[in-house]
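Student:
Number of protein chains: 2
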Amino acid sequence: MTDSVYDNYPPTLNPAQKDFLVRTVKDWATQNGLMVRPAPTFVSKETDPQGVLATNAPVTLFPSPFPKSCFEEAKALQTVYNKLYAAITCSEEWIGKIMEDLIDVDDFISNLWKVHLHVQKEGYTQTLSLGLYRSDYMAHTPSSSTTPQLKQVEFNTISSSFGGLSSLVTLLHSELLDTPPGHPIAYPKHPLLASGAVPENTAVETLSTGLATAHSAYGASKSIPNLPTCILFVVQAGERNIFDQLALSRELTRVHKIPVFRLLSSEILDHTSIPDSNPSRPLIYRPPHSPEGTQYEVTTIYLRCFYTPTDYKSPRDWQARTHLERSAAIKCPTVLNQLAGSKIIQQVLATTTGPDHLTSFLADTDPSLISRLRETFAPQYDLSLDGQGRSLALNPETALNHVLKPQREGGGNNIYKTAIPDFLHSIPENEWKRWILMELIHPPAAAKNVALRSDGEVVSGGVIGELGVYGTILWDQAVGKIYHNEQGGWLMRTKSEGVNEGGVATGFSSLDSIVLF
Amino acid sequence: MTDSVYDNYPPTLNPAQKDFLVRTVKDWATQNGLMVRPAPTFVSKETDPQGVLATNAPVTLFPSPFPKSCFEEAKALQTVYNKLYAAITCSEEWIGKIMEDLIDVDDFISNLWKVHLHVQKEGYTQTLSLGLYRSDYMAHTPSSSTTPQLKQVEFNTISSSFGGLSSLVTLLHSELLDTPPGHPIAYPKHPLLASGAVPENTAVETLSTGLATAHSAYGASKSIPNLPTCILFVVQAGERNIFDQLALSRELTRVHKIPVFRLLSSEILDHTSIPDSNPSRPLIYRPPHSPEGTQYEVTTIYLRCFYTPTDYKSPRDWQARTHLERSAAIKCPTVLNQLAGSKIIQQVLATTTGPDHLTSFLADTDPSLISRLRETFAPQYDLSLDGQGRSLALNPETALNHVLKPQREGGGNNIYKTAIPDFLHSIPENEWKRWILMELIHPPAAAKNVALRSDGEVVSGGVIGELGVYGTILWDQAVGKIYHNEQGGWLMRTKSEGVNEGGVATGFSSLDSIVLF
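Keeping their order, the protein sequence lines are chains A and B. Straight run, no breaks: the first sequence in the UniProt record's numbering ends on number 517. Straight run, no breaks: the second sequence in the UniProt record's numbering ends on number 517.
1. When the Cα atoms are used, what is the spatial distance from Pro-10 (chain A) to Thr-146 (chain A)?
2. Would Thr-60 (chain A) pass as a contact of Asp-455 (chain A) if the rule is Cβ separation under 9 Å?
3. If you compare alpha carbons, which of A:Ala-378, A:Pro-288, A:Asn-241, A:Ala-57 is closest to Phe-261 (chain A)?
4. Any Cβ of chain B within less than 9 Å of the Cβ of Cys-305 (chain A)?
5. Label Asp-136 (chain B) either buried or exposed according to how many other C-beta atoms from any shown protein chain fall within 10 Å of its C-beta, with 16 as the threshold for buried.
6. Please list the terminal residues of the continuous beta strand (DSSP E) segment that includes Cys-230 (chain A).
7. Going by the beta-carbon positions, is the gap between Thr-157 (chain B) and Asn-337 (chain B) smaller than 9 Å?
8. Any beta-carbon of chain A closer than 9 Å to the one on Leu-246 (chain B)?
9. Less than 6 Å between C-beta atoms, sequence neighbours within five positions excluded: which residues of the same chain meet that for Ile-441 (chain B)?
10. Any idea if Leu-21 (chain B) is buried or exposed, counting beta-carbon neighbours within 10 angstroms, 16 or more meaning buried?
11. For Leu-130 (chain B), which residues from the same chain have a beta carbon less than 6 Å from its beta carbon, with the 5 sequence-adjacent residues on both sides left out?
12. Give the DSSP-derived three-state secondary structure of Tyr-470 (chain B) in the structure shown.
13. Per DSSP, which one or two residues make a beta bridge with Glu-486 (chain B)?
14. Secondary structure at Lys-151 (chain B), three-state DSSP: helix, strand or coil?
15. Taking Cβ-Cβ distances shorter than 8 Å, what residues in chain B pair up with Arg-134 (chain A)?
16. Helix or strand or just coil, what does DSSP make of Gly-503 (chain B)?
17. Rounded to a whole number of angstroms, what is the C-alpha to C-alpha distance between His-183 (chain B) and Ser-216 (chain A)?
18. Cβ closer than 8 Å: which chain A residues qualify as neighbours of Ser-290 (chain B)?
19. Do residue 603 (chain B) and Pro-443 (chain B) have their CB atoms nearer than 9 Å?
20. Going by DSSP in three states, Cys-70 (chain A) sits in which element: helix, strand or coil?
21. Go ahead and pull the three-state DSSP assignment for Ala-451 (chain B).
22. Can Lys-417 (chain B) and Asn-430 (chain B) be called in contact, C-beta distance under 9 Å?
23. Thr-253 (chain A): which of B:Leu-491, B:Pro-15, B:Trp-28, B:Leu-516 sits nearest, CA to CA?
24. To the nearest whole angstrom, what separates the beta carbons of Lys-222 (chain B) and Pro-282 (chain B), a pair I think is in contact under 8 Å?
25. For Ala-16 (chain B), which residues in chain A fall below 9 Å Cβ to Cβ?
26. Taking 9 Å as the threshold (beta carbon to beta carbon), is Leu-172 (chain A) in contact with chain B?
27. Per DSSP, Arg-355 (chain B) forms a beta bridge with which residues?
28. Checking contacts by CB at 9 Å: is Gly-503 (chain A) closer than that to chain B?
29. Tell me whether Ile-420 (chain B) is buried or exposed, calling it buried when 16 or more other Cβ atoms sit within 10 Å of its Cβ.
30. In terms of alpha-carbon separation, which member of B:Leu-13, B:Ser-314, B:Leu-227, B:Gln-50 lies closest to Pro-40 (chain B)?
31. Count the other C-beta atoms from every protein chain shown that fall within 10 angstroms of the C-beta of Ile-224 (chain B), then say buried if there are 16 or more, exposed otherwise.
32. Taking a contact to mean a Cβ-Cβ separation below 9 Å, would you say Arg-37 (chain B) touches Glu-239 (chain B) in this structure?
33. Measure the alpha-carbon distance for Leu-84 (chain A) versus Glu-73 (chain A) and round it to whole angstroms.
34. Quick test of your reading: Ser-208 (chain B) and Glu-251 (chain B), contact by CB under 8 Å. State the CB separation rounded to the nearest angstrom.
35. Go ahead and pull the three-state DSSP assignment for Thr-494 (chain A).
36. Taking Cβ positions only, does Glu-497 (chain B) come closer than 9 Å to chain A?
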């Protein structure tokens, strides 16, 4: 059943149709800010010394079919997932026990944990915590005759990206379905390609509302005299995906009328301070461009950096992270919430033997919802001596149906199938704990699409699609009380088959939208 | 008085402030479609073979001061100007008499006139005519102690551009005035730079509504069986200013729900036809990408080409223009309306000796409005043997206060001041009729601004500002009846002093907005 949907999709384009679609998508992207800064391999510093050039984000020409049942289930479970990760973050001791094992093999985890311990010793001054999450799934379709099942690929608790650009791709495909209005011909006729077929995408509104909710929950300035308040986006230098982030700050500025500033992670210690004299520890931001030394008090820190070891180039960066963590600003996320998003936590949750963590964390939740959530887990294992994971990974036959992932959040560096045993043999055995073995999820085999890359090349062929659903939650870490818990907006990422890694901004895969079937 | 406004403007930026403003403008432009395709001198075809790269339109960092009295006067007169040019266009005989003189020296005028004669012989099948106009002015300020006067630089009746991008610059400067919201610091403090100081700019809405009004005035399809109807934007190949045009088509599509197609002028004869069998002569457009040969009937032809001789590369292009002209589609503009915009017409209108053309054309208009309109004319002269113009142009002393312009619409090729006598002596005397001598308008001498060019360079210094006001009018050419006459939206173009030519898309000058004083 599923295959028949994909077999005839997308419809074939003749040269004039392809030319029109590519040209329209190209121009639409530029007109509407569906953009990225070009890769240095495409545009050199010599060509564009001032960095003014931009190009379309990589996008598919067609929306991709996605099973309606899976889409609805992902949306229905998002607020439960939000609650789960808030509850985990509140269980500091439980996280600590899991991290303990990794501290001696993983500097990154170890340093994050130290930041937490450092601030805990002094005492956290802010108990509110904000999560802007994205839960990523595939429509698991091991054979064309089975009903597709929603399976989670990963859960992101830090820097969940692409909400801004994803909303734009949704709008692009929706407008193409009705181009020109009333008598559309931009796409060849196809039963899936009807006007209004792409579901609504509120990612920008949802994520911005999450940030705005934290901003107002922070309350009045804690400084004497009071300062104007702001939200601070902490970002990486040379961010090529900046227009995704600006979609959120534009919404916060235009709709919520909240001051937003962008600050490089390398400049945190230069431009922010916590007055020693103020026990509330407000985080004061003094913009370098401020004409009269105007200062702002940061209510909410939104991290679009610090999720990967390369963001910490020196001890000063760890110092900066600690500085933010100990401030009164609401962190999105806290170090603990970031750690809760490690692959190892997902693996522990998915383990079917031992204590039922899900039920403990979601004590007040309808048990049927908990089972539905559990259904989205793919089997995953640690590689401990006595565990099942080790034998599955080392046996080439069983390895074939698995992927080996670093237990940290974020894509990259996955080892696939038969490469797993060789890889494990190539590293010291005490480092095996850094890896999680996960059963492969099988996306629909016949899925195809056509993508316009950021360098303008048009590529078509078999694809693998990953659906992300966004959620936001604001809770009190001290008492576990939830003040805001919302689901809204989604992301479809489509990568060519054979390209094993994601990371849209680096050009390996495309932003997409969906039509439901 | 005027100088004191400009003397302290714009406020000085320290390096951090300049860096912030430039970065913000750069990113804002990309996020919001305030873009152009880069010049080939900036990005070569080898760097970007697929043509995906785009860069910010050249923009000023600050809005420019403009006298409130001049701005209000320009807006108040626009619908009178609209009416005037509709009335001139209806006076075919009067235009013909003026053109007669040029036909033997100006191939372009001559060929346009032939198109009109050709269609007139067969009989026009469409009497409705649409004008999308822009009247360009300077705030004439011969000395710092005089009250600035509104003086017209030119009146555009074809391809009046930059409405789309101008609206965006207005929004950019407005948002900068309130960045961050509530506690703005993007600009140094200055009395002119207050939140809300930039006047509203409805250029996109006004121009689109003009096109939409023509579209619906066309009425039902004249084809049997009926076809869906559309508006056709006829454009140049390799248009770098495409995002200005797309701002209008996006509004027509999203708000008015009208199908809009873009067609290269070189492809008119390939993809449009007028069925011989249909005496109404509907213009049928068959999009090359149409999946099933779907055809559309064109209600309105919006020319963003054909205003310059280089748009007519061969007799086939003239054939294409004739083909459009004889069709039932409403032309924006007709050939006659385009000719009405020639500099020579403006010169004849401005002539103070001989018949009072203004009063004849505006017979039913309040005489005080006519005098106010006349006040906006700068003295201008032809170079006929017995006229005053010839002596003013040949005498280096009087030439100093004049500019020599080709009598055609559109910028470019102006000769200034002392270069005039030498230039005239270098060309045959029988070609002198192709030129109009105009007294120089003196913009405020102390005006300054800072511009971000499309290649990312930041340039500051003395500037000359030109304000354009948009207007739209729909009338019946046969009976002179006006169905729609509206004013709305404006453009501020600011060029560095010493750069004599406009043409924002070629990078000589910047898009700007205004603050009134």
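Where is the CB? At the ideal position from N, CA and C, for every residue including glycine.
Tutor: Let me spell this out:
1. Residue numbering aside, residue 10 (chain A) sits at position 10 when the first sequence is read from its first letter. Residue numbering aside, residue 146 (chain A) sits at position 146 when the first sequence is read from its first letter. Computed Cα separation, rounded: 22 Å.
2. The count along the first sequence starts at 1 and reaches residue 60 (chain A) at position 60. The count along the first sequence starts at 1 and reaches residue 455 (chain A) at position 455. Going by C-beta atoms, Thr-60 (chain A) is not nearer than 9 Å to Asp-455 (chain A).
3. Numbered from 1 along the first sequence, position 261 holds the residue referred to as residue 261 (chain A). It is A:Pro-288.
4. Translated into positions along the first sequence, residue 305 (chain A) becomes position 305. For Cys-305 (chain A), the answer is no, since every Cβ of chain B falls outside 9 Å of its Cβ.
5. Against the second sequence, residue 136 (chain B) aligns to sequence position 136. Asp-136 (chain B) comes out buried.
6. Along the first sequence, one-based indexing puts residue 230 (chain A) at 230. 229-235 is the span of the beta strand (DSSP E), which, as asked, contains Cys-230 (chain A).
7. Position 157 of the second sequence, counted from the start, is the residue given in the question as residue 157 (chain B). Position 337 of the second sequence, counted from the start, is the residue given in the question as residue 337 (chain B). Against a cut-off of 9 Å, the Cβ pair of Asn-337 (chain B) and Thr-157 (chain B) comes out as a contact.
8. Here residue 246 (chain B) is taken as the residue at index 246 of the second sequence, counted from 1. Closer than 9 Å to some Cβ of chain A, the Cβ of Leu-246 (chain B) qualifies, so yes.
9. Looking up residue 441 (chain B) in the second sequence gives position 441. Within the same chain, Ile-441 (chain B) has close Cβ partners Met-138, His-140, Lys-151, Ala-378.
10. Locating residue 21 (chain B) in the second sequence gives position 21, where the first residue counts as 1. The residue is buried, with at least 16 neighbouring Cβ atoms inside 10 Å.
11. Position 130 of the second sequence holds residue 130 (chain B). Closer than 6 Å at Cβ, skipping near neighbours: Ala-214, Ile-330, Cys-332, Leu-474.
12. Position 470 of the second sequence holds residue 470 (chain B). Looking at Tyr-470 (chain B) - three-state DSSP - the assignment turns out to be strand.
13. Against the second sequence, residue 486 (chain B) aligns to sequence position 486. According to DSSP, Glu-486 (chain B) bridges with B:Thr-472.
14. For the purposes of this step, residue 151 (chain B) is taken as the residue at position 151 of the second sequence. Note: Lys-151 (chain B) maps to strand in three-state DSSP.
15. For the purposes of this step, residue 134 (chain A) is taken as residue 134 along the first sequence, with counting starting at 1. Simply none; closest approach about 22 Å.
16. Residue numbering aside, residue 503 (chain B) sits at position 503 when the second sequence is read from its first letter. Its pLDDT being 44, under 50, Gly-503 (chain B) is placed unreliably by the model, and the measurement read from it follows with that caveat. In the structure shown, Gly-503 (chain B) sits in coil (DSSP, three-state: anything other than H, G, I, E or B).
17. Start at 1 with the first residue of the second sequence, and residue 183 (chain B) comes out as number 183. Start at 1 with the first residue of the first sequence, and residue 216 (chain A) comes out as number 216. Whole-angstrom Cα-Cα distance: 17 Å.
18. Here residue 290 (chain B) is taken as the residue at index 290 of the second sequence, counted from 1. The contacting residues are Ile-185.
19. The displayed coordinates of chain B run from 1 to 517. Any statement about residue 603 (chain B) would go beyond what the structure contains.
20. In the first sequence, counting from the first residue as 1, residue 70 (chain A) sits at position 70. Helix.
21. For the purposes of this step, residue 451 (chain B) is taken as residue 451 along the second sequence, with counting starting at 1. The answer is strand: DSSP assigns Ala-451 (chain B) an E or B state.
22. The sequence position of residue 417 (chain B) within the second sequence is 417, counting from 1. The sequence position of residue 430 (chain B) within the second sequence is 430, counting from 1. Taking 9 Å as the Cβ cut-off, Lys-417 (chain B) and Asn-430 (chain B) do not qualify as a contacting pair.
23. In the first sequence, residue 253 (chain A) corresponds to position 253, counting from 1. For Thr-253 (chain A), the nearest C-alpha among the options comes from B:Trp-28.
24. Residue 222 (chain B) sits at position 222 when you count from the first residue of the second sequence. Residue 282 (chain B) sits at position 282 when you count from the first residue of the second sequence. 4 Å between Cβ atoms; contact.
25. Counting from one through the second sequence, the residue named residue 16 (chain B) turns up at place 16. Ordered by position in chain A, the residues that pass the 9 Å Cβ test against Ala-16 (chain B) are Pro-287, Pro-288, His-289, Ser-290.
26. The residue given as residue 172 (chain A) occupies position 172 in the first sequence. For Leu-172 (chain A), the answer is no, since every Cβ of chain B falls outside 9 Å of its Cβ.
27. As a working note, residue 355 (chain B) is residue 355 in the second sequence. In the sequence under discussion, the amino acid at residue 355 (chain B) is Pro, which differs from the Arg named in the question. Paired residue(s): none; Pro-355 (chain B) is not in a bridge.
28. Translated into the one-based positions of the first sequence, residue 503 (chain A) becomes position 503. With a pLDDT of only 44 at Gly-503 (chain A), under 50, the local geometry of the prediction cannot be trusted, and no value is derived from it.
29. Reading the second sequence from its first residue, position 420 is the one you call residue 420 (chain B). Answer is buried; the Cβ neighbour count reaches 16.
30. The residue you call residue 40 (chain B) lines up with position 40 of the second sequence. Taking only the C-alpha atoms, the option nearest Pro-40 (chain B) is B:Gln-50.
31. Along the second sequence, one-based indexing puts residue 224 (chain B) at 224. With fewer than 16 Cβ atoms within 10 Å of its Cβ, Ile-224 (chain B) is classed as exposed.
32. By one-based count along the second sequence, residue 37 (chain B) stands at place 37. By one-based count along the second sequence, residue 239 (chain B) stands at place 239. In this structure, Glu-239 (chain B) lies closer than 9 Å to Arg-37 (chain B) by Cβ.
33. Your numbering for residue 84 (chain A) matches position 84 in the first sequence. Your numbering for residue 73 (chain A) matches position 73 in the first sequence. For Leu-84 (chain A) and Glu-73 (chain A), the distance between alpha carbons rounds to 16 Å.
34. Counted from its first residue, the second sequence places residue 208 (chain B) at position 208. Counted from its first residue, the second sequence places residue 251 (chain B) at position 251. Yes, Ser-208 (chain B) and Glu-251 (chain B) are in contact; Cβ-Cβ is about 4 Å, under 8 Å.
35. By 1-based counting over the first sequence, the position of residue 494 (chain A) is 494. Looking at Thr-494 (chain A) - three-state DSSP - the assignment turns out to be strand.
36. As a first step, residue 497 (chain B) is located in the second sequence; it is residue number 497 there, counting from the start. By this cut-off, Glu-497 (chain B) is not an interface position.
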